[in-house]
Amino acid sequence: MTEHHTPVTLSSVSENDPRLQPLAKNPQDVERRIAVLFVAGMVLEACFGWAYWINAQPWILGFTFGMGLTFLGIGLIAWGKYLMPQGPFVEERHVLANSAADRDAFTAAIVDRGGGVIKRRKLLAGLLGGGLGVFSITALFPLIRSLGPLPGTTLQHTDWKKGTFAVDVTGRRVHVDDLTVGSIVTIFPEGKEETDNGQAVDQTVLIRISNSNFTTQKGRETWGPSGYVAYSKLCTHLGCPVGLYEQKLQLLVCPCHQSMFDVTNGAIPNFGPAPRPLPQLPIYVDAKGFIRAQSDFHEAVGPGFWERS
Amino acid sequence: MSDSSLTTKRAKKQALGPYGKLGQAVNELDERLGVAKGGRTFMDKIFPDHWSFMLGEIALYSFVVLLATGVFLTLYYVPSTALVTYRGSYAPLYGQHVTQAFASSVDLSFAVRGGLLMRQMHHWACDIFVGAIVMHMGRVFFTGAFRKPRETNWLIGVILLILGIGNGFLGYSLPDDLVSGTGIRIAFSITESIPLVGSYLSFFLFGSNYPGTAVIPRFFVLHVLLLPAIIVGLVGAHLFLLVRQKHTQFPGPGRTENNVVGSPMFPIFMAKTTGFLLLVAGVIGLLGATAQINPIWQFGPYEAARISYAVQPDFYMGFLDGALRIWPSWTFQSFGHTIPFEVFIPSVILPGVIFNIIMAWPAIEAKITGDRSIHHLLERPKDNPQRTAFGVAFFSLIAILFIASSTDVIANFFRLDLATVLWAMRILTIAVPLIAYPLTLRIAKELRALEGSSQRKTANLVTRNAEGGYDAVSAPIHPDDALTHHTAIALPTFITEAPAGDTSDTGVRTVER
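Next up, the structure:
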């Protein structure tokens, strides 16, 4: 207790200095109001506990909790703003930068010490760098490569094959008499309707456009038996299900970004950001009248990707 | 030690010194860690009093609420895509096959006491977090607070915004409801659109072709562990740099490049800011209590072949969705390859360009103006018309893209043709920033030329003179503005309202440092 202390002089400030006085002109009055806020906050938080205890409605929980904290918060802010010395106070801003000599010493330490050590043992430094380099590359394998399988040709195919029965979401086979003209149903390859891939990739819309065979485009004469046409339900823009059917306009509409596909004309997009027609699934009606696939889609379904031809 | 005088209460008190047990504790702590000097300096740190400095605090405190409510949610949420039969209390879903993620999200809303409140608070806190960061960035941008030496803190802030948006999207995806599932599908397709590596990246991210079973557990780990850890670290760095470099301040009487004028950390700022934390938490609680957000039980579980209509993502994803809507369907398809420009440009290139411009802005501005000196005094937006005009134009572009994410809703609401709305949005996207720039420039320049434009408005006294003309005499300065005309004083240790009885000094104790 004998060391020297340098007192900071504040002799210029008197106790009556306005900057040390509260901002409130009537501190007692403000103090009373803040007290009311704190009491209200305390009561509300107690109510929150009670509401929780009796398992009250969520809005009662949130209201008591939120209002209580709001009152406490406003009270505390008011205490700080109106009852504490109003200031303003000042502090000096010291220059963070050091002198040129200090900086040189720092740089010199890095360059001379580190550089000296490395330059003298170039071989060791090179080998260490090489080792760490090899490690960082091999570390990428478990980090990245094992996260998932390579895509391969997964994106090019669906589960539709020659002769696959078309079923609805419940697994019931779709019969040629099921739909009236202007109706639509989402179909899946039989046995895949409950699988992730069946739901996400194979999903196809089946629309009955007319009562007689319907050709949507040249070369697809056999694809629309009895007026049934089937298109991939995956929007070619971003893969949302093309879930809206505008029956009057014969359009399939994607609700995500409003791409529209003309179902009578090979599902060529006539509005919105989709770049390609929906791939059409060639189908046929078998002897018993069930709708079946002639083959898989002739191109990749869904949005574009690099390997897509 | 057997001295009887030590046993009396008074003697004990005397032995402890003037500051009693707290003083002893500080002694003990200081002997070990040397905290006294630094602690005192920290308590004396001056915070400028300006409302716009609160915006960052809102972001910080909503993040505190996010952490607290998020921990609660993890106790009940199950990150699994395994199918279960829903047998909870929400009747319309009873008996349906749903994923565990969805079932547990519905259960924690209805079966867990306070669960729905916590979920809604978490979601509201997220929206407020991202919104407050954007507002805070606006403050920093338009007042030039990002200039040297604070470029690094600006960069950290932008990264925090990106991480906030990213983690918001991940969290929004976790309940595995119909709406968020569609969002995940779009995220997969966007990843797929990257030339050369897209399909690899998307398979590695999802662990298989879309949808697979890994996406929910992976998003969960990213959402509750990896990204929050990075965010907490960066928030710490942000605050450390703020304390190290001290606050900026608006110019004013007694305020120079070499000082900071305002209220001290302890107790004034601490009282205000703790109160503000309670207020932010309280308001988020009230929102969670009264404003429904993301009612997943109404959307139903995600099924890849189903979709809902007129659904928008959370607001901070809006500009991306809008860009995807209005960008034309230009694609590249030949040589056996496809480059989906219609997706890649608006959803990968565009946000990349936007965020890179924002991150590089301090460097860009320094390059243009050649101003590489240190600034601690802020500019008002009118003081730098070029920057302000650029900022307004830039922000108006984002705003138009955001509005464009509701083309279908706008068309329905105003009974307009969808094509009309689409083309209007395309034109506005280009036109509005081009108009906003010169307009803002003009306004800022005229404001700058106007005397006293940064002062609070006071009523002018207008009198009619003998010739029939009018004379305006400006009224005296607003009392609140006059207050700032006190010159600031260095911080005393003390602060008692009434002088203590035993001090012979001038009310202020002498401080020994």
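Which chain is which? The protein sequence lines are A and B, in order. Residue numbers for the first sequence follow my numbering, so the first one is 1369 and each next one is one higher. Residue numbers for the second sequence follow my numbering, so the first one is 12 and each next one is one higher. The C-beta atom is built at its ideal place from N, Cα and C for all residues, glycine as well.
Could you tell me which chain E residues have their CB closer than 7 Å to the CB of residue i, listed as they occur along the chain?
i, result
"arginine 1660 of chain A", "The chain inventory of the structure shown lacks chain E, comprising the protein chains A and B."
So, for residue i: in the same chain, excluding its five sequence neighbours on each side, which residues have a beta-carbon less than 8 Å away from its beta-carbon?
i, result
"valine 1537 of chain A", "Thr1554, Phe1556 and Glu1561"
"methionine 54 of chain B", "Pro275, Met276 and Phe277"
"aspartate 359 of chain B", "Reading the sequence as shown, one finds valine at residue 359 of chain B and not aspartate. Here the set comprises Ile201, Ser204 and Ile205."
"serine 319 of chain B", "Leu189, Val190, Thr193 and Phe310"
"proline 1643 of chain A", "Thr1604, His1605, Pro1637 and Gly1672"
"glycine 31 of chain B", "Lys24"
"leucine 252 of chain B", "Arg161, Thr163, Asn164 and Ile167"
"methionine 65 of chain B", "Phe287"
Whose CA, out of the options, lies closest to the CA of residue i?
i, options, result
"alanine 1403 of chain A", "A:Leu1451, A:Ala1419, A:Asn1384 and A:Ala1507", "A:Leu1451"
"lysine 56 of chain B", "B:Asn38, B:Ala122, B:Gly223 and B:Lys257", "B:Lys257"
"proline 339 of chain B", "B:Ile438, B:Arg426, B:Val109 and B:Glu462", "B:Ile438"
"asparagine 270 of chain B", "B:Leu289, B:Ile500, B:Gly247 and B:Asp325", "B:Ile500"
"arginine 150 of chain B", "B:Arg336, B:Thr399, B:Pro449 and B:Ala435", "B:Thr399"
"isoleucine 144 of chain B", "B:Ser73, B:Ile375 and B:Leu502", "B:Ser73"
"valine 208 of chain B", "B:Leu174, B:Gln111, B:Thr349 and B:Phe113", "B:Thr349"
"asparagine 164 of chain B", "B:Thr259, B:Leu119, B:Leu236 and B:His108", "B:Thr259"
"glycine 1607 of chain A", "B:Gln323, B:Thr284, B:Ala455 and B:Phe199", "B:Phe199"
"isoleucine 1575 of chain A", "A:Pro1609, A:Tyr1613, A:Lys1586 and A:Asn1565", "A:Tyr1613"
"alanine 225 of chain B", "B:Ala93, B:Leu433, B:Met328 and B:Arg336", "B:Ala93"
Can you give the beta carbon distance from residue i to residue j, rounded, assuming they're within the 8 Å contact cut?
i, j, result
"glycine 1559 of chain A", "asparagine 1579 of chain A", "Incorrect: roughly 30 Å between the Cβ atoms, too far for contact."
"leucine 71 of chain B", "isoleucine 170 of chain B", "That belief does not hold up - the Cβ atoms of leucine 71 of chain B and isoleucine 170 of chain B are roughly 16 Å apart, past 8 Å."
"isoleucine 227 of chain B", "leucine 185 of chain B", "7 Å"
"serine 274 of chain B", "aspartate 60 of chain B", "6 Å"
"valine 473 of chain B", "isoleucine 295 of chain B", "So it is not a contact: roughly 47 Å between Cβ atoms."
"alanine 1598 of chain A", "valine 1631 of chain A", "That pair is no contact at about 10 Å."
"threonine 80 of chain B", "methionine 129 of chain B", "5 Å"
"arginine 383 of chain B", "alanine 374 of chain B", "Rounded, the Cβ-Cβ distance is 10 Å, inconsistent with contact."
"glutamine 1389 of chain A", "proline 1453 of chain A", "7 Å"
"valine 109 of chain B", "proline 306 of chain B", "No, valine 109 of chain B and proline 306 of chain B are not in contact; Cβ-Cβ is about 15 Å, not under 8 Å."
"glycine 1634 of chain A", "proline 1645 of chain A", "5 Å"
"valine 1458 of chain A", "valine 272 of chain B", "5 Å"
"phenylalanine 214 of chain B", "proline 1517 of chain A", "6 Å"
Counting only the same chain and skipping the five closest in sequence on each side, list residues whose C-beta sits under 6 Å from that of residue i.
i, result
"glycine 1657 of chain A", "His1543 and Val1544"
"threonine 498 of chain B", "Gly265"
"serine 485 of chain B", "Asn471"
"tryptophan 308 of chain B", "Tyr101 and Val117"
"proline 1647 of chain A", "Ser1600, Phe1665, Glu1667 and Val1669"
"lysine 159 of chain B", "Ile385"
"threonine 440 of chain B", "Ile411"
"valine 322 of chain B", "Val190"
"alanine 8 of chain B", "Not covered by the structure: residue 8 of chain B. The range shown for chain B is 12 to 524."
"leucine 452 of chain B", "Pro396 and Ala400"
"glycine 1539 of chain A", "Glu1561"
Using the rule of at least 16 other Cβ atoms within 10 Å of the residue's Cβ for burial, across every protein chain shown, is residue i buried or exposed?
i, result
"asparagine 1638 of chain A", "exposed"
"proline 1641 of chain A", "buried"
"alanine 1655 of chain A", "exposed"
"phenylalanine 157 of chain B", "buried"
"methionine 1435 of chain A", "buried"
"valine 354 of chain B", "buried"
"tryptophan 1674 of chain A", "buried"
"glycine 381 of chain B", "exposed"
"phenylalanine 121 of chain B", "exposed"
"isoleucine 1422 of chain A", "exposed"
"aspartate 187 of chain B", "buried"
"tryptophan 1418 of chain A", "exposed"
"histidine 1462 of chain A", "exposed"
"threonine 231 of chain B", "As written in the sequence, residue 231 of chain B is phenylalanine, which differs from the threonine given in the question. Buried, by the Cβ-count rule."
"tyrosine 105 of chain B", "exposed"
"arginine 1660 of chain A", "buried"
Leaving out the 5 sequence neighbours to the left and right, which residues in its chain are closer than 7 Å to residue i when beta-carbon positions are compared?
i, result
"aspartate 325 of chain B", "Asp138, Gly179 and Tyr183"
"histidine 133 of chain B", "Leu77, Thr80, Gly81 and Leu84"
"alanine 248 of chain B", "Ile167"
"phenylalanine 1474 of chain A", "none"
> Is there contact here, the stretch 1497 to 1505 of chain A with the stretch 1619 to 1626 of chain A, by at least three beta-carbon pairs under 8 Å?
Replying inline: With a cut-off of 8 Å, the stretch 1619 to 1626 of chain A and the stretch 1497 to 1505 of chain A do not count as touching, because too few Cβ pairs lie within range.
>> Using 8 Å as the cut-off, can you tell me whether the stretch 1429 to 1437 of chain A makes contact with the stretch 299 to 306 of chain B, which would need three or more C-beta pairs spanning the two stretches below that distance?
In response: As far as the Cβ criterion goes, the stretch 1429 to 1437 of chain A touches the stretch 299 to 306 of chain B, which means the pair count is three or higher.
>> Would the stretch 326 to 335 of chain B count as touching the stretch 409 to 418 of chain B if we require 3 or more Cβ pairs under 8 Å?
In response: Yes, the stretch 326 to 335 of chain B is in contact with the stretch 409 to 418 of chain B.
> Using 8 Å as the Cβ pair cut-off and three pairs as the minimum, do the stretch 210 to 227 of chain B and the stretch 126 to 137 of chain B touch?
Replying inline: Contact check between the stretch 210 to 227 of chain B and the stretch 126 to 137 of chain B: fewer than three CB pairs, one atom from each, fall below 8 Å, which does not count as touching.
> Is the stretch 1400 to 1419 of chain A in contact with the stretch 1438 to 1450 of chain A, if contact means three or more CB pairs nearer than 8 Å?
Replying inline: Contact holds: three or more Cβ-Cβ distances are below 8 Å.
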